[in-house]
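**Q**
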Amino acid sequence: MSPPSAPRPNDGAESPSSSDEHTEAAGGLSLDSTQLDRYSRHIIMDEVGPDGQARLLNADVLIVGAGGLGSPVIQYLAAAGVGTIGIVDDDVVERSNLQRQVVHRDEDVGNSKVESAAQFITNLNPDSTVMTYQNRIDKQSIRDIVPGYDIVVDASDNFPTRYLLNDFCRLQGIPIAHGAIYKFEGQVTTLVPDGPCYRCLFPEAPEPGTVPDCAATGVLGVLPGTVGCLQATEVIKIILDTGDPLTGKLGFYDALEASFEHISYQSDPTCPVCGETPIQSIETVEYAEGCGVSEWTSMSFFDLLCSISVGFLI
Ligand SMILES: [Zn+2]
5 MSPPSAPRPN
15 DGAESPSSSD
25 EHTEAAGGLS
35 LDSTQLDRYS
45 RHIIMDEVGP
55 DGQARLLNAD
65 VLIVGAGGLG
75 SPVIQYLAAA
85 GVGTIGIVDD
95 DVVERSNLQR
105 QVVHRDEDVG
115 NSKVESAAQF
125 ITNLNPDSTV
135 MTYQNRIDKQ
145 SIRDIVPGYD
155 IVVDASDNFP
165 TRYLLNDFCR
175 LQGIPIAHGA
185 IYKFEGQVTT
195 LVPDGPCYRC
205 LFPEAPEPGT
215 VPDCAATGVL
225 GVLPGTVGCL
235 QATEVIKIIL
245 DTGDPLTGKL
255 GFYDALEASF
265 EHISYQSDPT
275 CPVCGETPIQ
285 SIETVEYAEG
295 CGVSEWTSMS
305 FFDLLCSISV
315 GFLI
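Quick note: to get our numbering, add 4 to the position in the sequence shown (first position is 1).
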């Protein structure tokens with residue numbers, strides 16, 4: 005699968021290296037000497053190897069949000085050689101972003117986040133093709149942007165986007181690496197087509213205005229770095245088809261306690277999206293506007309325990 009006009013590395017048109025040294029990998033992709041050097045610490049691993057690196061170079065990943073969570077995802081997926089990285093964000097860089105949104109620089113203040121993020125990738129790895137979308141995700145734009153991507157990273161900052169991504173990607177059979185942050189706490193889970201969805205975990209969004217705004221509560225700048233790295237790891241595991249994804253499990257990170265916990269959750273047969281009588285289209289769903297949240301994304305652990313009725317595995 006490939007988004008429109010996304011060129012592939014080493015598709016025969018041009019090689020970034022003048023050397024004749026090449027290694028054939030899966031799918032007929034040829035790694036040149038520059039790539040063999042760049043990705044040598046991947047290629048030497050049995051779990052990755054040249055075939056795994058070729059998978060990464062052939063992968064198309066869409067990152068929704070170029071903020072605190074999106075920044076480390078962008079950094080590590082580009083460094084890993086993900087072939088096409090799509091970035092969706094309609095915001096411009098503000099100075100208050102720079103404490104945690106580390107792909108943007110002081111000189112980018114006032115510029116669009118997607119362009120700033122794209123420049124970061126271009127500077128880091130010429131193997132990664134960047135697709136930028138200066139949009140909000142809504143019912144129309146999601147149809148235009150998401151199909152064709154292999155994996156979506158939910159690094160968004162609001163509930164309508166989160167539920168819309170969940171519903172649309174489920175209908176399209178596209179996995180999601182989900183992350184969320186709040187002050188010192190983070191969550192991560194992986195939603196795959198044959199596993200429980202986000203609505204199985206949180207059936208409905210909280211009422212608008214009932215969730216604190218990051219701008220009011222603050223967030224530890226390094227926290228989205230930790231959570232975003234976990235999301236990027238999940239993406240790479242899916243691409244490589246190795247390890248156990250966080251499917252049916254919500255990983256919970258408490259930075260103050262330096263603790264990681266897991267809560268298990270299951271598919272809900274009454275889920276309107278993945279249950280026994282699922283929706284057929286996002287058209288029938290109302291996605292409330294104006295949740296008024298900014299980079300909030302998670303309940304406190306106590307609230308979470310109180311809100312989930314499925315079994316726990318902590
Ligand atoms: Zn569900």
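Backbone N, C-alpha and C define an ideal beta-carbon position, used for all residues, glycine too.
Everything numeric in this text was worked out from a predicted model, so none of it was measured.
Quick one: measure Cβ to Cβ for valine 223 and isoleucine 155, integer angstroms, because I've assumed they're closer than 8 Å.
**A** Incorrect: roughly 25 Å between the Cβ atoms, too far for contact.
**Q** Where do the N-terminal and C-terminal ends of the alpha helix (DSSP H) with phenylalanine 256 fall, by residue?
**A** Run containing phenylalanine 256: none in the alpha helix (DSSP H); it sits in the beta strand (DSSP E), 253-258.
**Q** According to the Cβ coordinates, are valine 107 and serine 75 closer than 8 Å?
**A** The answer is yes: Cβ separation under 8 Å.
**Q** Which complete alpha helix (DSSP H) runs does the segment 170-239 hold, if anything under 4 residues is left out?
**A** List check, alpha helix (DSSP H) in window: 202-205, 218-221.
**Q** At which residues does the alpha helix (DSSP H) containing serine 34 begin and terminate?
**A** Premise fails: serine 34 lies in the beta strand (DSSP E), 34-36, not in any alpha helix (DSSP H).
**Q** Isoleucine 78 by DSSP, collapsed to three states: which one?
**A** Note: isoleucine 78 maps to helix in three-state DSSP.
**Q** Glutamate 290 to arginine 140, Cα distance in whole Å?
**A** Distance between the alpha carbons of glutamate 290 and arginine 140: 16 Å.
**Q** Should arginine 99 go down as buried or exposed, given a rule of 16 or more other Cβ atoms within 10 Å for buried?
**A** So arginine 99 ends up on the exposed side.
**Q** Would aspartate 64 and glycine 87 be called neighbours here (beta carbons separated by less than 8 Å)?
**A** Yes, Cβ-Cβ distance for aspartate 64 and glycine 87 is below 8 Å.
**Q** Could you check if glycine 279 belongs to the surroundings of ligand 1, using beta carbon to heavy atom distance under 7 Å?
**A** Within the cutoff, so yes.
**Q** Provide the residue(s) that pair with valine 157 in DSSP beta bridges, ordered along the chain.
**A** According to DSSP, which records beta bridges pairwise, valine 157 is partnered with Ile67, Ala181.
**Q** What number of angstroms, rounded off, separates the C-alpha of aspartate 36 from the C-alpha of asparagine 170?
**A** About 38 Å.
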